[in-house]
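Student: As given, the protein sequences belong to chains A and B, one line each in that order. Everything in the first sequence is counted per this note's numbering, starting at 1 for the first residue and increasing by one. Everything in the second sequence is counted per this note's numbering, starting at 1001 for the first residue and increasing by one. C-beta: ideal position from N, C-alpha, C; glycine also. Just so we're clear, the structure is a prediction, and the values are computed from it rather than from any experiment.
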Amino acid sequence: MIEVEGLARHFRVSHRDAGLGSSLKALLHRRYELVRAVDDVSFRIDDGEVVGFLGPNGAGKTTTLKCLAGLLYPTHGTVRVLGFTPNERRAEFLSRITFVMGQRNQLFWDLPTIESLRVNQAIYRIGDTQFKESLDELVDLLGLEPLLTKQVRMLSLGERMRCELAAGLLHRPDVLFLDEPTLGLDVRGQGAVRSFIAEYNQRHGATVLLTSHYMADVTSLAKRVVLIDHGVLRYDGDLADLVEQAAPFRLVTVTLSDPVESGVFAGYGEVIESDGTHAVMRVPRAATRDVASRLLAELPVVDVSIEEPSIEDTMRTVFDQRATDAVSVDAARE
Amino acid sequence: MTVQIRSRWRYRRLLAIFWRNTLATEMEYRVNFWSNLVLSTFWLGWAALGIRVYFRFTTSVRGWTYAEMLIVVGLFFALNGVRQALITPNLARMTEYVRDGTLDFLLTKPVNSQFMVSFRHIGVFNWLDPVLGLILAFTGLIATDQPVTVGSIALFLGAFLCAIVILYAVSLAMMSLSLRSVSSEGVDDLLQGLVETSRLPVQIYRGALRTVFSVVLPVALFTTVPTQVALGQRGAAWVALAAGVAIVANVVASALWRVALRGYTGASG
């Protein structure tokens, strides 16, 4: 169980203008700014839940995860994970969690993967029988067999990420903090990581808190999402509701063999961009199928595709909406 | 108690794994072993011959004979070797640990973080220097015609061990400071500079500098005091004093490390 109450983490960040003069000035006097990376965030996650943690870059997702994993001391507020206060970094607590970061490396670069796993066996005091059992399971789920004896630096990014996950989960943690675990992976790599996380959650009932920029990661794994922006919690609830609410449309992209007048596209949906033979339109969710068949029937279509709006777009819609709401509430008060 | 024993056993096992891994990595570069052997022997010979110059027209410099001075030089060489073998490989990685987020991983492990940053790597081939340095020190000791007993050797090695432990504490304190500045490159140079000052006995320095090296900085405890202990000029009380300084220095350095971690803000992103 994870309980976060009024969590805030502020950083003091120094500023310096470009140029040598400013560098010299900064030696004597530095300008500091207080950055509220996380400000008054509260939520609760039950055992076994998978929660997607979303927000644009710099929103405060990683900072929140780091506070939960005990890496950062909160400026204010309280955090409890599995009944522990994370920043005390007690061994009993650390043995029951894992923190996996995409594109960060905990494996020994020059050695075969199995050596890093042996190190973690010693760190987490895993007995030989349990080690073998756990390793067999991970080898099976992640397809590690051919990778164990390869030097880490020889692995592809996708292979390395699978090995990273194995290193992070060897001790069978109850809580998983996954920060962008699919970052930079190709579609197959993303799929492998995703299905592994889902399977691990099912088998061991682990709680998973995951951040990602890929909509598919979140939609396939988490029912519940927590949205954070500028360090403030914007939404906490069902993913389906959020997408319905914030982005009640899909993106239809169409390519034609012959150009048509630009006004034509407006008859099918809200045009985002168009150049005669190519157009991207926003079409209400319910009408997508209908619009696609009309396009095929009425225009010289070469290609048509229907996509979910990107997570960034959906979030932007939510954040813009909330900002407008906040302004109108303020205006009403005055 | 059992927990403590198990825990100690685990740290020993971890150390064995870490060092075996470093060995496995370094073995790929066999030529390093031979070049290190040649270079170390050269520098040791250079250091021993270098101080010979002082003794061309005299048999004693500020109360130190050539043979006695060889002990100091040998100890300096050994201590500097320990620095290169044990401290530098870890200290130099601190910047990397912070920048690439490795420290984040190390901190989420249920193992003492100070242990993790201090002993994960060793300079495999740098262990030649301590061996060669100690050989030179013992050669000097025999050349002094002082009676060498088991007791005097034990005290001498005890004093040298304290010197290593003090040097570790200084490096940990520096490592803690580098957590803040996110740069440990200069820190290792500073540590090397500190060790370099122990190349000669503190009595060679004059006035304020000698006071600084004897009282403020632990330079005298690095090589001068262990040598004097070996020569029977100073007794067990001095080894006890060195042990006391080593303990206090480590307690302070550990506290500094914990404070630094509290303020650690991590690699961003």
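For a quick check, are the C-beta atoms of Gly1063 of chain B and Gln1203 of chain B less than 8 angstroms apart?
Tutor: Position 63 of the second sequence holds residue 1063 of chain B. Position 203 of the second sequence holds residue 1203 of chain B. Going by C-beta atoms, Gly1063 of chain B is nearer than 8 angstroms to Gln1203 of chain B.
Student: By Cβ distance, which residues of its chain are closer than 6 angstroms to Ala1249 of chain B, with the 5 residues on each side in sequence left out?
Tutor: In the second sequence, counting from the first residue as 1, residue 1249 of chain B sits at position 249. Answer for Ala1249 of chain B: Ile1166, Ala1169, listed in chain order.
Student: Name, please, each residue of chain A whose Cβ falls closer than 7 angstroms to the Cβ of Ala1024 of chain B.
Tutor: Taking the first residue of the second sequence as position 1, residue 1024 of chain B is located at position 24. Within 7 angstroms Cβ-Cβ: Leu111.
Student: Are the Cβ atoms of Thr314 of chain A and Ala247 of chain A separated by less than 8 angstroms?
Tutor: Translated into the one-based positions of the first sequence, residue 314 of chain A becomes position 314. Translated into the one-based positions of the first sequence, residue 247 of chain A becomes position 247. Closer than 8 angstroms, so yes.
Student: According to DSSP, which residues form a beta bridge with Phe53 of chain A?
Tutor: Locating residue 53 of chain A in the first sequence gives position 53, counting from the first residue. Phe53 of chain A is bridged to A:Thr211, A:Val226.
Student: May I ask you to list, following chain order, the residues of the stretch 61-82 of chain A that have a beta carbon less than 8 angstroms from some beta carbon of chain B?
Tutor: Per Cβ criterion, the list reads Thr62, Lys66, Ala69, Gly70, Leu71, Leu72, Tyr73.
Student: Starting from Leu1111 of chain B, find everything on chain A with Cβ-Cβ shorter than 7 angstroms and list it in chain order.
Tutor: Along the second sequence, read from residue 1 onward, the residue named residue 1111 of chain B stands at position 111. The question names Leu, yet the displayed sequence has Val at residue 1111 of chain B. Within chain A, the residues near Val1111 of chain B are Ile123.
Student: Cβ closer than 8 angstroms: which chain A residues qualify as neighbours of Leu1107 of chain B?
Tutor: Numbered from its first residue, the second sequence carries residue 1107 of chain B at position 107. The answer, in chain order, is Gly70, Leu71, Arg89.
Student: Exposed or buried, which one is Thr1058 of chain B when buried takes at least 16 other CB atoms within 10 Å?
Tutor: In the second sequence, counting from the first residue as 1, residue 1058 of chain B sits at position 58. It counts as exposed.
Student: Along chain E, in chain order, which residues have C-beta atoms closer than 7 angstroms to that of Ile1017 of chain B?
Tutor: Of the protein chains in this structure, namely A and B, none is chain E.
Student: Using the beta-carbon of each residue, which ones in chain A are nearer than 8 angstroms to Asn1032 of chain B?
Tutor: Residue numbering aside, residue 1032 of chain B sits at position 32 when the second sequence is read from its first letter. Chain A residues near Asn1032 of chain B: none, gap ~14 angstroms exceeds 8 angstroms.
Student: With DSSP run on the structure shown, which of helix, strand or coil describes Met154 of chain A?
Tutor: On the first sequence, residue 154 of chain A is found 154 positions in, with the first residue counted as 1. If DSSP states are grouped into helix, strand and coil, Met154 of chain A belongs with the helices.
Student: Mark Ile1142 of chain B as exposed unless 16 or more other C-beta atoms lie within 10 angstroms of its C-beta, in which case mark it buried.
Tutor: Within the second sequence, the letter at position 142 stands for residue 1142 of chain B. Result: exposed.
Student: Tell me, to the nearest whole angstrom, how far the beta carbon of Gly205 of chain A is from that of Gly48 of chain A; I am working on the premise that it is less than 8 angstroms.
Tutor: Reading the first sequence from its first residue, position 205 is the one you call residue 205 of chain A. Reading the first sequence from its first residue, position 48 is the one you call residue 48 of chain A. 4 angstroms between Cβ atoms; contact.
Student: Tell me Asp179 of chain A's beta-bridge partners as DSSP assigns them.
Tutor: Within the first sequence, numbered from 1, the residue matching residue 179 of chain A stands at position 179. In the DSSP output, where bridge partners are listed per residue, Asp179 of chain A has A:Met101, A:Thr211.
Student: Kindly say whether Met154 of chain A, judged by its beta-carbon, lies nearer than 8 angstroms to any beta-carbon of chain B.
Tutor: Along the first sequence, one-based indexing puts residue 154 of chain A at 154. Chain B contact via Cβ: absent.
Student: Which residues, in chain order, does the stretch 97-111 of chain A contribute to contact with chain B at a C-beta distance below 8 angstroms?
Tutor: Residues Ile97, Thr98, Phe99, Met101, Arg104, Asn105, Gln106, Phe108, Asp110, Leu111.
Student: Spatial neighbours of Leu111 of chain A within its chain, please: CB distance less than 7 angstroms, with the 5 preceding and 5 following residues excluded, ordered by chain position.
Tutor: In the first sequence, the residue the question calls residue 111 of chain A occupies position 111. If we look at Leu111 of chain A and ignore the five residues flanking it on each side, its Cβ neighbours are Gln151, Val152.
Student: Can you tell me the Cα-Cα spacing of Phe1156 of chain B and Val1150 of chain B, whole angstroms?
Tutor: Your numbering for residue 1156 of chain B matches position 156 in the second sequence. Your numbering for residue 1150 of chain B matches position 150 in the second sequence. Cα to Cα, Phe1156 of chain B sits roughly 10 angstroms from Val1150 of chain B.
Student: Can you have a look at Ser22 of chain A and say buried or exposed, based on whether 16 or more other CB atoms are within 10 angstroms of its CB?
Tutor: Here residue 22 of chain A corresponds to residue number 22 of the first sequence, with the count starting at 1. Ser22 of chain A should be labelled exposed.
Student: Looking at the unbroken beta strand (DSSP E) that takes in Arg80 of chain A, where does it start and where does it end?
Tutor: Start at 1 with the first residue of the first sequence, and residue 80 of chain A comes out as number 80. Here the beta strand (DSSP E) through Arg80 of chain A covers 76-81.
Student: Any beta-carbon of chain B closer than 8 angstroms to the one on Phe11 of chain A?
Tutor: Position 11 of the first sequence holds residue 11 of chain A. Judged by the 8 angstroms Cβ criterion, Phe11 of chain A is in contact with chain B.
Student: Can you pull the chain B residues whose beta carbon is under 8 angstroms from the beta carbon of Ser335 of chain A, in chain order?
Tutor: Outside the shown range of chain A, which is 1 to 334, sits residue 335 of chain A, and nothing can be said about it.
Student: Compare the Cα-Cα distances from Gly66 of chain A to each of A:Leu28, A:Leu183, A:Val38 and report the closest residue.
Tutor: Working through the first sequence from its first residue, we reach residue 66 of chain A at position 66. Looking at the sequence itself, residue 66 of chain A is Lys, so the reference to Gly does not match. Ranking A:Leu28, A:Leu183, A:Val38 by Cα distance to Lys66 of chain A puts A:Val38 first.
Student: Between Leu1179 of chain B and chain A, is the shortest Cβ-Cβ distance under 8 angstroms, so that the two count as touching?
Tutor: Position 179 of the second sequence, counted from the start, is the residue given in the question as residue 1179 of chain B. It does not: the Cβ of Leu1179 of chain B has no partner Cβ on chain A nearer than 8 angstroms.
Student: Can you tell me the Cβ-Cβ gap for Leu170 of chain A and Val193 of chain A, rounded? I've got them flagged as a contact below 8 angstroms.
Tutor: Position 170 of the first sequence, counted from the start, is the residue given in the question as residue 170 of chain A. Position 193 of the first sequence, counted from the start, is the residue given in the question as residue 193 of chain A. In fact, because the Cβ distance is near 16 angstroms, the residues do not count as touching under 8 angstroms.
Student: Is the shortest distance between the beta-carbon of Glu199 of chain A and the beta-carbons of chain B less than 8 angstroms?
Tutor: Indexing the first sequence from 1 puts residue 199 of chain A at position 199. Judged by the 8 angstroms Cβ criterion, Glu199 of chain A is not in contact with chain B.
Student: Can you look up Tyr1168 of chain B in the DSSP assignment and give me helix, strand or coil?
Tutor: Locating residue 1168 of chain B in the second sequence gives position 168, counting from the first residue. DSSP places Tyr1168 of chain B in helix when its eight states are reduced to three.
Student: Taking CB distances under 8 angstroms as the criterion, tell me whether Met1001 of chain B reaches chain A.
Tutor: Along the second sequence, read from residue 1 onward, the residue named residue 1001 of chain B stands at position 1. With a pLDDT of 44 at Met1001 of chain B, under the threshold of 50, the modelled position of that residue is not reliable, and no figure is offered here.
Student: What does the Cβ neighbour count give for Ser1035 of chain B, buried or exposed, with the cut at 16 atoms within 10 Å?
Tutor: Here residue 1035 of chain B is taken as the residue at index 35 of the second sequence, counted from 1. Ser1035 of chain B comes out exposed.
Student: So the candidates are A:Leu71, A:Leu117, A:Ser95; which of them puts its Cα closest to the Cα of Val1098 of chain B?
Tutor: Reading the second sequence from its first residue, position 98 is the one you call residue 1098 of chain B. Nearest option by C-alpha distance: A:Leu71.
Student: With three or more beta-carbon pairs closer than 8 angstroms as the criterion, would you say the stretch 1226-1234 of chain B touches the stretch 1063-1072 of chain B?
Tutor: Yes: at least three Cβ pairs fall under 8 angstroms.
Student: Please state whether the Cβ-Cβ distance between Leu94 of chain A and Met1 of chain A is less than 8 angstroms.
Tutor: Against the first sequence, residue 94 of chain A aligns to sequence position 94. Against the first sequence, residue 1 of chain A aligns to sequence position 1. Not closer than 8 angstroms, so no.
Student: Could you check what DSSP says for Asp303 of chain A in three-state terms: helix, strand or coil?
Tutor: Numbered from its first residue, the first sequence carries residue 303 of chain A at position 303. It is a strand residue.
Student: Opposite Ala279 of chain A in the DSSP bridges: which residues?
Tutor: The residue you call residue 279 of chain A lines up with position 279 of the first sequence. In the DSSP output, where bridge partners are listed per residue, Ala279 of chain A has A:Val254, A:Ser274.
Student: Against Glu115 of chain A, what residues of chain B qualify as contacts under a CB-to-CB distance less than 7 angstroms, listed in chain order?
Tutor: The residue given as residue 115 of chain A occupies position 115 in the first sequence. The contacting residues are Asn1021.
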